[in-house]
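Reviewing the structure listed below.
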């Protein structure tokens, strides 16, 4: 370290201590040593304090995100099960709005120009934007989203989960995964299962800032409804639909059979009634029967 | 100017703190908005 270096000259104006530091070239070396040591100690203390606060904020954020997604899924499930068609339609519209506005909004804090680099050149994507030293980039995310329809979601995940899977209600086909020297965190690339008719692509990567989150970046907008709106288990839903269909069909079949039987009975009764009223038919029938009686003793 | 690792680290963690705080605020707002919809 250069002993003449004044650490307060670096960019840290927000946290600059009020203490006056000797920053002129005429300052005495004997004065600088204790100031330097004291400054270093203060820095360490400040770093510890900020790091503790950072950890606490990350924990709070994880909790809030978990609660948010739990509430979101609960509401989604509740409406998909018990909601009327109007409720479902309204929720579907609100969900789209939530997806577009609120999730995108919540990513601004962590965005840091990531989506901007994705929209232009993915290979230059940097996992640790704060290492660039330019933190102002994060606020350009909204603009880039508006232009290229790129949205980023931060999804809480288990630290041990390496599958890079984000359950978002749509079905995806994975078409690649890569790691580069400048971006050592593996990222997976997905296309919507309706591709090529649906152009949406998704990239999933663990957050560089907070490994408790997966960063899912979506490019484009789906041109079809989600395959599983509740985000739950598809087979069980399909199964429940089948059961409902079976109940309806099994309830309809006996009614239809009964109707057909009734119609046939009425037709037979009408026919019998009309025949018995016809004298020719009665005579022919009597002759036939009597003839049969007369024939029997002969045989 | 020569770099000071401690100061750089402090700058980095502070910037991250700021982002976390902003994101937390937004998520809280989103959560409350969703809760109001449920009510």
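Protein chains in written order, with the numbering used here: chain A, 1 to 299; chain B, 1001 to 1039. Cβ atoms here follow ideal geometry from the backbone N, Cα and C, with glycine treated the same way. Since this is a predicted model, take the numbers as computed values, not measurements.
Interface flag, residue 195 of chain A vs chain B, CB-CB below 9 Å: Working through the first chain from its first residue, we reach residue 195 of chain A at position 195. Chain B, which has no Cβ nearer than 9 Å to the Cβ of residue 195 of chain A, makes this no.
Entirely enclosed beta strand (DSSP E) segments - the region 158-182 of chain A, minimum 3 residues: 172-180
Would you kindly work out how many angstroms separate the C-alpha atoms of residue 1021 of chain B and residue 57 of chain A, rounded to a whole number? Position 21 of the second chain, counted from the first residue, corresponds to residue 1021 of chain B. Position 57 of the first chain, counted from the first residue, corresponds to residue 57 of chain A. About 7 Å.
Chain B beta carbons: is any one of them nearer than 9 Å to that of residue 154 of chain A? Within the first chain, numbered from 1, the residue matching residue 154 of chain A stands at position 154. Interface residue, yes.
Using a Cβ-Cβ distance cut-off of 9 Å, determine whether residue 82 of chain A contacts chain B. Translated into positions along the first chain, residue 82 of chain A becomes position 82. No, its Cβ sits nowhere closer than 9 Å to a Cβ of chain B.
Which of helix, strand or coil does DSSP assign to residue 155 of chain A? Locating residue 155 of chain A in the first chain gives position 155, counting from the first residue. Strand.
Quick check: the Cα distance between residue 195 of chain A and residue 172 of chain A, rounded to an integer number of angstroms? On the first chain, position 195 is the one that residue 195 of chain A refers to. On the first chain, position 172 is the one that residue 172 of chain A refers to. Looking at the two C-alpha atoms, the distance is approximately 9 Å.
Where residue 82 of chain A falls, given that 16 or more other Cβ within 10 Å makes a residue buried: Here residue 82 of chain A refers to the residue found at position 82 of the first chain. When all chains shown are included, residue 82 of chain A counts as exposed.
Locate the beta strand (DSSP E) running through residue 217 of chain A, then write down its first and last residues. Numbered from its first residue, the first chain carries residue 217 of chain A at position 217. From DSSP, the beta strand (DSSP E) with residue 217 of chain A extends over 213-219.
Quick check: what's the CA-CA separation for residue 1011 of chain B versus residue 151 of chain A? Walking along the second chain from the start, residue 1011 of chain B turns up at place 11. Walking along the first chain from the start, residue 151 of chain A turns up at place 151. Distance between the alpha carbons of residue 1011 of chain B and residue 151 of chain A: 27 Å.
Option in A/193, A/191, A/192, A/187 with minimal Cα separation from residue 214 of chain A: The residue given as residue 214 of chain A occupies position 214 in the first chain. Ranking the options by Cα distance to residue 214 of chain A, first place goes to A/187.
Check this for me: beta carbons of residue 1034 of chain B and residue 75 of chain A, under 9 Å apart or not? In the second chain, residue 1034 of chain B corresponds to position 34, counting from 1. In the first chain, residue 75 of chain A corresponds to position 75, counting from 1. Cβ atoms of residue 1034 of chain B and residue 75 of chain A: closer than 9 Å.
CA-CA distance, residue 1014 of chain B and residue 217 of chain A? Taking the second chain and counting its residues from 1, one reaches residue 1014 of chain B at position 14. Taking the first chain and counting its residues from 1, one reaches residue 217 of chain A at position 217. Cα to Cα, residue 1014 of chain B sits roughly 25 Å from residue 217 of chain A.
At what residues does the alpha helix (DSSP H) containing residue 1013 of chain B begin and finish? As a position in the second chain, residue 1013 of chain B is number 13, starting the count at 1. Where residue 1013 of chain B is concerned, the enclosing alpha helix (DSSP H) stretches over 1005-1038.
Given a threshold of 16 other Cβ atoms within 10 Å of its Cβ, counted over all protein chains shown, does residue 1023 of chain B qualify as buried or as exposed? Residue mapping note: residue 1023 of chain B aligns to position 23 of the second chain, counting from 1. Buried, because 16 or more other Cβ atoms sit within 10 Å of the Cβ of residue 1023 of chain B.
Taking Cβ positions, are residue 175 of chain A and residue 153 of chain A nearer each other than 9 Å? Working through the first chain from its first residue, we reach residue 175 of chain A at position 175. Working through the first chain from its first residue, we reach residue 153 of chain A at position 153. Contact flag unset, no.
Could you tell me the alpha carbon to alpha carbon distance between residue 89 of chain A and residue 1009 of chain B, rounded to whole angstroms? Position 89 of the first chain, counting from 1, holds the residue named residue 89 of chain A. Position 9 of the second chain, counting from 1, holds the residue named residue 1009 of chain B. Those two C-alpha atoms are separated by around 49 Å.
Helix, strand or coil at residue 186 of chain A according to DSSP, with G and I counted as helix: The count along the first chain starts at 1 and reaches residue 186 of chain A at position 186. Note: residue 186 of chain A maps to strand in three-state DSSP.
Would you decide whether residue 205 of chain A is buried or exposed? Buried here means 16 or more other CB atoms lie within 10 Å of its CB. On the first chain, position 205 is the one that residue 205 of chain A refers to. Buried, because 16 or more other Cβ atoms sit within 10 Å of the Cβ of residue 205 of chain A.
In whole angstroms, give me the CA-to-CA distance for residue 192 of chain A and residue 1018 of chain B. Start at 1 with the first residue of the first chain, and residue 192 of chain A comes out as number 192. Start at 1 with the first residue of the second chain, and residue 1018 of chain B comes out as number 18. Roughly 35 Å separates the two Cα atoms.
My understanding is that residue 1006 of chain B touches residue 44 of chain A, with C-beta atoms under 8 Å, so please give their C-beta distance in whole angstroms. For this step, residue 1006 of chain B is matched to residue 6 along the second chain. For this step, residue 44 of chain A is matched to residue 44 along the first chain. The C-beta separation of residue 1006 of chain B from residue 44 of chain A comes to about 7 Å, placing the pair in contact by the 8 Å criterion.
Measure the alpha-carbon distance for residue 208 of chain A versus residue 157 of chain A and round it to whole angstroms. Here residue 208 of chain A refers to the residue found at position 208 of the first chain. Here residue 157 of chain A refers to the residue found at position 157 of the first chain. Rounded to whole angstroms, residue 208 of chain A to residue 157 of chain A spans 13 Å at the Cα level.
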